[in-house]
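Protein chains: 2
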Amino acid sequence: MSDGNTTRRGVLRGALAGSAALAAGRAAAESDPLITELQDWTSFGGDPITARPYGLPIRFEADVIRRNVPWLTADPVSSINFTPIHALEGTITPQGCAFERHHSGAIELAKENYRLMINGLVDQPLVFSYADLERFPRENHVYFCECAANTGMEWAGAQLNGAQFTHGMLHNMEYTGIPMRTLLQEAGLGAAGDLADKWIYVEGADASSNGRSIPMEKALDDVLVAFKANGEALRKEHGYPVRLVVPGWEGNMWVKWLRRIEVTDGPVESREETSKYTDVLEDGTARKWTWVMDAKSVITSPSPQQPITHGHGPVVITGLAWSGHGKITRVDVSKDGGMTWETARLDRGSDPKALARFYLDTEWNGEPWLLQSRAMDETGYVQPTKAALREVRGENSVYHNNCIQTWAIAADGSAENVELS
Amino acid sequence: MSDGNTTRRGVLRGALAGSAALAAGRAAAESDPLITELQDWTSFGGDPITARPYGLPIRFEADVIRRNVPWLTADPVSSINFTPIHALEGTITPQGCAFERHHSGAIELAKENYRLMINGLVDQPLVFSYADLERFPRENHVYFCECAANTGMEWAGAQLNGAQFTHGMLHNMEYTGIPMRTLLQEAGLGAAGDLADKWIYVEGADASSNGRSIPMEKALDDVLVAFKANGEALRKEHGYPVRLVVPGWEGNMWVKWLRRIEVTDGPVESREETSKYTDVLEDGTARKWTWVMDAKSVITSPSPQQPITHGHGPVVITGLAWSGHGKITRVDVSKDGGMTWETARLDRGSDPKALARFYLDTEWNGEPWLLQSRAMDETGYVQPTKAALREVRGENSVYHNNCIQTWAIAADGSAENVELS
Chain A
1 MSDGNTTRRG
11 VLRGALAGSA
21 ALAAGRAAAE
31 SDPLITELQD
41 WTSFGGDPIT
51 ARPYGLPIRF
61 EADVIRRNVP
71 WLTADPVSSI
81 NFTPIHALEG
91 TITPQGCAFE
101 RHHSGAIELA
111 KENYRLMING
121 LVDQPLVFSY
131 ADLERFPREN
141 HVYFCECAAN
151 TGMEWAGAQL
161 NGAQFTHGML
171 HNMEYTGIPM
181 RTLLQEAGLG
191 AAGDLADKWI
201 YVEGADASSN
211 GRSIPMEKAL
221 DDVLVAFKAN
231 GEALRKEHGY
241 PVRLVVPGWE
251 GNMWVKWLRR
261 IEVTDGPVES
271 REETSKYTDV
281 LEDGTARKWT
291 WVMDAKSVIT
301 SPSPQQPITH
311 GHGPVVITGL
321 AWSGHGKITR
331 VDVSKDGGMT
341 WETARLDRGS
351 DPKALARFYL
361 DTEWNGEPWL
371 LQSRAMDETG
381 YVQPTKAALR
391 EVRGENSVYH
401 NNCIQTWAIA
411 ADGSAENVEL
421 S
Chain B
1 MSDGNTTRRG
11 VLRGALAGSA
21 ALAAGRAAAE
31 SDPLITELQD
41 WTSFGGDPIT
51 ARPYGLPIRF
61 EADVIRRNVP
71 WLTADPVSSI
81 NFTPIHALEG
91 TITPQGCAFE
101 RHHSGAIELA
111 KENYRLMING
121 LVDQPLVFSY
131 ADLERFPREN
141 HVYFCECAAN
151 TGMEWAGAQL
161 NGAQFTHGML
171 HNMEYTGIPM
181 RTLLQEAGLG
191 AAGDLADKWI
201 YVEGADASSN
211 GRSIPMEKAL
221 DDVLVAFKAN
231 GEALRKEHGY
241 PVRLVVPGWE
251 GNMWVKWLRR
261 IEVTDGPVES
271 REETSKYTDV
281 LEDGTARKWT
291 WVMDAKSVIT
301 SPSPQQPITH
311 GHGPVVITGL
321 AWSGHGKITR
331 VDVSKDGGMT
341 WETARLDRGS
351 DPKALARFYL
361 DTEWNGEPWL
371 LQSRAMDETG
381 YVQPTKAALR
391 EVRGENSVYH
401 NNCIQTWAIA
411 ADGSAENVEL
421 S
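Order-wise, the sequence lines are chains A and B. Counting in the UniProt record's numbering, the first sequence tops out at residue 421, every number present. Counting in the UniProt record's numbering, the second sequence tops out at residue 421, every number present.
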């Protein structure tokens, strides 16, 4: 029983002296009426079970919500908001606070009005109703979904003061869906000939249609036509009743209210993959087909919205790491802006292409910190610094910024988004 | 591309003829205005992102809610409701529809009023505030929670017509918490002497206090003092701000609004573990300390609330399996009341002591089915029939009924809870 916690106990005892910690045998009465006096909640019954046929968070957590940034979201319909990742733990994101990005708003599409067409280079064009889709073999997988523009405002410098705003276009859910492969095989791919150079083009039922081209190799690999997330129906804002899940690839390709899959002999070069969602480089040329979200991480606590408020001593540093190439294998944390690194504890075995949670259980005694995290994935890729990323990509793009983030921790425990020169 | 799906396609094509399936090259216009005519949702923008700071299910899913059974829940405060497992998929249960069981209602306890005391046979009695708890190393695990009385009404015969009501005192979440071991070590267990015969006694801050005794061996193994579920704060009805997680053991021990942990030299023999939550046998004696939830499974679809409505041909049989002893290793499905069995497909690698999802992708052509599922776990244990269970346990208890469930599927696709003689 005498392990590393003994030190932590000593420190905590000191920190708690006179507040919550009791010397052995001292009566709680002397210090804490919350323990010694009968409270209303122990004396009377609470809410009956009929109070919440579908439950919501308790009122004390009313600040753990999706938020937007007014100057980023001038148009309320074609818009975005951010997951409150600074206040969440573990890896699963509840649908109710998972970020939204719509190009023409969130549409209301009833199951009985839902149709999914497969056409183009297939043996048998088909149209499926929702009830048809329920008859196919399905799978469940946990995947992260990250908008290509996540952290995009930070290319030019430290701008948004909070992990929710810098990294909150990100969520992670358990999806239930039919492999795209199954539906393509149902329509038959004989007519497509050699599949190596074939693509699918997918579009949604909303006014934007948000059409995107996906290489056949990916379509036949792990793409899902999904209808549930975290066990229940997709929420309206997440594409009810059916959305595409394109594991590890940018969120824009995860078409919501999916209405059509066309097998094509090349990419469509739609608006969403030419003028948008390509990365304009320093010389004005564009990096195209930048689908995969490279390994990335962020410290969620402490962070600007989650300062250290409990004084000196033990503190838990925690955050999220993810990679569109597979599993996260290691995360390092630096307290001095990247000069020295400590390897963090990776919690549970993370699923490939899913969020991983990391922890550094450490101590803070008021010294200034420049906190950073650095993710590595199973391909050996190491999350780059912003300087390294700018060197190859310039600053013209808002997309695919996976650089190392820095939070400056001040003597009072507050945290600020800073950029190291 | 010519695999098992080809057969499925043939059948689906037949089933869809004249409705959604199109012959190659036939214009959709002839059959389906939902495809050929411009719909409102493709013409106008949908909801802006400001519509849902915290989201709820779309109105079309308003029936996917916790439900109670009026004759079971006469007292609205000391009461229960049921998870709509018939309508869920995957394995994660959203907090908003996860079953509730309160002994004195759901109390509202703010973090600043929260205290957790550790006392009894410890070196240093301690009291923690919520902020103190946030400073300890924490872990994340997915676990099922099942009420000991789940399926309890079925001991005497087939009574409740729906998987939600027969098996819905069950949920499965990703918990974030501090190992109980860590907090006990913080208080110090030197004073307890030989730990082999020591226990902890845990109680909640609600009026019932719901005190339970837990052997020290379990307390030091995998018990968590948890404060988040599925990433966000515990909901009020799930014990905000802190509840106990006792993996694989009956839900009653997962004390909500946890206020005290006492290290004792024996079990307290509280009301909740003597007059309640023991299994009265045929001869009037009681099975005591029946903590572990044995391997169990249920088919969630088709089921009485989820009949087959799509006609003959391909159908997906799906359900949940779980074991308090560890991992589910296999699930079999019978269509003839247990005379013959087919091995189901287990989806993903299931976590130990967590829900597993199984599938049987099959065909139904109107024949009557007596659907059953049978779970096996890593100890080799096989879920028993009701007859086998009654033989050793009698019918006096409402607890720990983990027998095989039967749904009778009629020619019209409806399903009914039946008991085989």
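We treat Cβ as the ideally placed atom computed from N, Cα and C, and that holds for glycine.
Return the CA-CA distance between A:Ala-356 and A:Leu-320, expressed in angstroms with no decimal places. Position 356 of the first sequence, counted from the first residue, corresponds to residue 356 of chain A. Position 320 of the first sequence, counted from the first residue, corresponds to residue 320 of chain A. Rounded to the nearest angstrom, the two C-alpha atoms are 6 Å apart.
For A:Gln-39: DSSP bridge partner residues: Taking the first residue of the first sequence as 1, we reach residue 39 of chain A at position 39. Answer by DSSP bridge pairing: none, since A:Gln-39 is not bridged.
Touching or not, the region 262-275 of chain B and the region 206-221 of chain B, by the rule of three or more beta carbon pairs under 8 Å? yes
Looking at chain B, is there any beta carbon in it that lies within less than 8 Å of the beta carbon of A:Val-242? Counting from 1 along the first sequence, the entry for residue 242 of chain A is found at position 242. Chain B contact via Cβ: absent.
Taking 8 Å as the cut-off, does the region 199-208 of chain A touch the region 95-110 of chain A (at least 3 CB pairs, one atom from each stretch)? yes
is_contact[A:Ala-295, chain B] using C-beta, thresh 8 Å: Translated into the one-based positions of the first sequence, residue 295 of chain A becomes position 295. Cβ-Cβ to chain B under 8 Å: no for A:Ala-295.
Under 8 Å, do B:Lys-256 and B:Gly-239 count as touching if we go by C-beta distance? Here residue 256 of chain B refers to the residue found at position 256 of the second sequence. Here residue 239 of chain B refers to the residue found at position 239 of the second sequence. In contact: B:Lys-256 and B:Gly-239 (Cβ atoms closer than 8 Å).
Using a Cβ distance threshold of 8 Å, determine whether the region 261-268 of chain B contacts the region 226-243 of chain B, with at least three qualifying pairs required. no
DSSP state of A:His-167 mapped onto helix, strand, coil: On the first sequence, position 167 is the one that residue 167 of chain A refers to. Helix.
Nearest neighbour of A:Phe-358, chosen from B:Glu-139, B:Gln-95, B:Ile-85 [CA to CA]: The residue given as residue 358 of chain A occupies position 358 in the first sequence. For A:Phe-358, the nearest C-alpha among the options comes from B:Glu-139.
Could you spell out where the beta strand (DSSP E) holding B:Val-130 opens and where it closes? As a position in the second sequence, residue 130 of chain B is number 130, starting the count at 1. With the sequence shown as reference, residue 130 of chain B is identified as Tyr, and Val is not the correct amino acid for it. Careful: B:Tyr-130 lies outside any beta strand (DSSP E), inside the alpha helix (DSSP H) at 130-133.
From B:Gly-324 to B:Glu-174, what distance separates their C-alpha atoms? Position 324 of the second sequence, counted from the start, is the residue given in the question as residue 324 of chain B. Position 174 of the second sequence, counted from the start, is the residue given in the question as residue 174 of chain B. Roughly 16 Å between the two C-alpha positions.
Does A:Thr-36 get closer than 8 Å to chain B when you measure Cβ to Cβ? Mapped onto the first sequence, residue 36 of chain A falls at position 36. It does not: the Cβ of A:Thr-36 has no partner Cβ on chain B nearer than 8 Å.
When the cut-off is 8 Å and only beta carbons count, does A:Leu-22 lie next to chain B? Along the first sequence, read from residue 1 onward, the residue named residue 22 of chain A stands at position 22. In this prediction, A:Leu-22 scores a pLDDT of 33, lower than 50, which makes its location untrustworthy; the coordinate-derived value is nonetheless stated afterwards. Yes - at least one Cβ of chain B is within 8 Å of the one on A:Leu-22.
Verify the CB distance criterion: does A:Pro-57 have a CB-CB separation below 8 Å to chain B? As a first step, residue 57 of chain A is located in the first sequence; it is residue number 57 there, counting from the start. Chain B contact via Cβ: present.
Around the Cβ of B:Ala-110, are there at least 16 other Cβ atoms within 10 angstroms (buried) or fewer (exposed)? Within the second sequence, residue 110 of chain B is the residue found at index 110, counting from 1. Label assigned to B:Ala-110: exposed.
At least one CB of chain A closer than 8 Å to the CB of B:Cys-97: is that the case? As a working mapping, residue 97 of chain B is identified with position 97 in the second sequence. Yes - at least one Cβ of chain A is within 8 Å of the one on B:Cys-97.
Where does A:Ile-409 sit, in a helix, a strand or coil, going by DSSP? The residue you call residue 409 of chain A lines up with position 409 of the first sequence. Three-state DSSP puts A:Ile-409 in a strand.
In chain order, what residues of the same chain have a beta carbon less than 8 Å from the beta carbon of B:Ala-196, not counting five sequence neighbours either side? Start at 1 with the first residue of the second sequence, and residue 196 of chain B comes out as number 196. If we look at B:Ala-196 and ignore the five residues flanking it on each side, its Cβ neighbours are Met-216, Glu-217.
What residues of chain E sit near A:His-310, judged by a beta carbon separation below 8 Å? The chain labelled as chain E is not found among the protein chains of the depicted structure, namely A and B.
Ends of the beta strand (DSSP E) at A:Met-180? Stepping through the first sequence from its first residue, residue 180 of chain A is reached at position 180. Note, A:Met-180: premise wrong, no beta strand (DSSP E); alpha helix (DSSP H) at 180-187.
Inter-stretch contact (C-beta, 8 Å, three-pair minimum) for the region 182-195 of chain B and the region 89-100 of chain B: no
Looking at A:Pro-307: is its Cβ nearer than 8 Å to the Cβ of A:Ser-414? On the first sequence, position 307 is the one that residue 307 of chain A refers to. On the first sequence, position 414 is the one that residue 414 of chain A refers to. In this structure, A:Ser-414 lies closer than 8 Å to A:Pro-307 by Cβ.
Three-state secondary structure assigned by DSSP to B:Leu-195: Residue 195 of chain B sits at position 195 when you count from the first residue of the second sequence. In the structure shown, B:Leu-195 sits in a helix (DSSP, three-state: H, G or I).
So is A:Asp-332 buried or exposed if we call it buried at 16+ other beta carbons inside 10 Å? Position 332 of the first sequence holds residue 332 of chain A. So A:Asp-332 counts as buried.
Determine the chain A residues that contact B:Trp-199 at a beta-carbon separation under 9 Å, and present them in chain order. If you number the second sequence from 1, residue 199 of chain B lands on position 199. In chain order: nothing, as chain A lies at least about 17 Å away.
Considering only the alpha carbon of each residue, which of B:Met-153, B:Cys-145, B:Gly-177, B:Ile-85 lies closest to B:Asp-132? For the purposes of this step, residue 132 of chain B is identified with residue 132 of the second sequence, where counting begins at 1. Minimum Cα distance to B:Asp-132 is reached at B:Gly-177.
Would you kindly report the start and end of the unbroken beta strand (DSSP E) that includes B:Arg-243? In the second sequence, the residue the question calls residue 243 of chain B occupies position 243. Taken as a continuous stretch (DSSP letters only), the beta strand (DSSP E) holding B:Arg-243 covers 243-245.
Is the CB-CB distance between A:Ala-295 and A:Tyr-381 below 8 Å? The residue you call residue 295 of chain A lines up with position 295 of the first sequence. The residue you call residue 381 of chain A lines up with position 381 of the first sequence. In contact: A:Ala-295 and A:Tyr-381 (Cβ atoms closer than 8 Å).
For the region 252-273 of chain A, which residues have a beta carbon sitting closer than 7 Å to at least one beta carbon of chain B? none
Using a Cβ-Cβ distance under 8 Å, would A:Arg-115 count as near chain B? If you number the first sequence from 1, residue 115 of chain A lands on position 115. Yes - at least one Cβ of chain B is within 8 Å of the one on A:Arg-115.
Mind listing the chain A neighbours of B:Pro-53? Cutoff is C-beta to C-beta under 7 Å, in chain order. Within the second sequence, numbered from 1, the residue matching residue 53 of chain B stands at position 53. Going along chain A in sequence order, the residues near B:Pro-53 (Cβ under 7 Å) are Ile-65, Arg-66.
Neighbourhood of A:Thr-343 by C-beta, 7 Å cutoff - its chain only, sequence neighbours within 5 removed: For the purposes of this step, residue 343 of chain A is taken as residue 343 along the first sequence, with counting starting at 1. Only Arg-330, Asp-332 meet the Cβ criterion.
Interface flag, B:Lys-111 vs chain A, CB-CB below 8 Å: As a position in the second sequence, residue 111 of chain B is number 111, starting the count at 1. So, interface residue.
Can you pull the chain A residues whose beta carbon is under 8 Å from the beta carbon of B:Val-316, in chain order? Walking along the second sequence from the start, residue 316 of chain B turns up at place 316. Residues of chain A passing the Cβ test: Glu-134, Arg-135, Phe-136, Pro-137, Arg-138.
Of all the options A:Leu-281, A:Trp-41, A:Asn-68, A:Gly-46, which has the alpha carbon lying nearest to the alpha carbon of A:Asn-401? As a working mapping, residue 401 of chain A is identified with position 401 in the first sequence. Looking at the Cα atoms, A:Leu-281 is the closest of the given residues.
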